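A.B. asks: Numbering (the working numbering), first residue to last: 16 to 122. Quick one: the structure is below, questions incoming.
Encoded structure:
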């Protein structure tokens, strides 16, 4: 798990090696992490890869936190699934367009 400051600096927060990723293991890992936080200093937002079971566990252990999915994982999944429709150019046009879209900063 990583954290991010208000200025965008990313830092390591915790590591957990589990033999199997199941609900019980995820609940245990997040409850142990919760102990490390001060009682009123829980994360406001938790970002994960697309793992439906983890979403439910986060809602259980950190009910006041907002859960979002990582845009990198979303982008990777979209590229893997959509590039097959752009076979004539091996998906290069799509990848270029997608990269421009996700890197666009609105003012």
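Yeah, the Cβ is synthetic: ideal placement off N, Cα and C, and Gly gets one too. Please read all numbers here as calculations on a predicted model, not as lab measurements.
1. What residue range does the alpha helix (DSSP H) around residue 109 cover?
2. As a quick exercise: from 107, 60, 19 and 85, pick the residue whose alpha carbon is nearest that of residue 78.
3. Residues in its own chain within less than 8 angstroms of residue 74 by CB, not counting five upstream and five downstream?
4. Taking just the CA atoms, how far does residue 18 sit from residue 90?
5. Which partner residues does residue 84 have in the DSSP bridge list?
6. Thinking just about the alpha-carbon of each residue, which of 120, 76 and 113 is nearest to the one in residue 45?
C.D. replies: Well, looking at it:
1. For the purposes of this step, residue 109 is identified with residue 94 of the chain shown, where counting begins at 1. Residues 107-118.
2. As a working mapping, residue 78 is identified with position 63 in the chain shown. Ranking the options by Cα distance to residue 78, first place goes to 60.
3. Indexing the chain shown from 1 puts residue 74 at position 59. Correct list, in chain order: 82.
4. For this step, residue 90 is matched to residue 75 along the chain shown. For this step, residue 18 is matched to residue 3 along the chain shown. If I take the Cα positions, the gap works out to 21 angstroms.
5. Counted from its first residue, the chain shown places residue 84 at position 69. Answer is 63, bridged to residue 84.
6. Counting from 1 along the chain shown, the entry for residue 45 is found at position 30. Out of 120, 76 and 113, 76 has the C-alpha closest to the C-alpha of residue 45.
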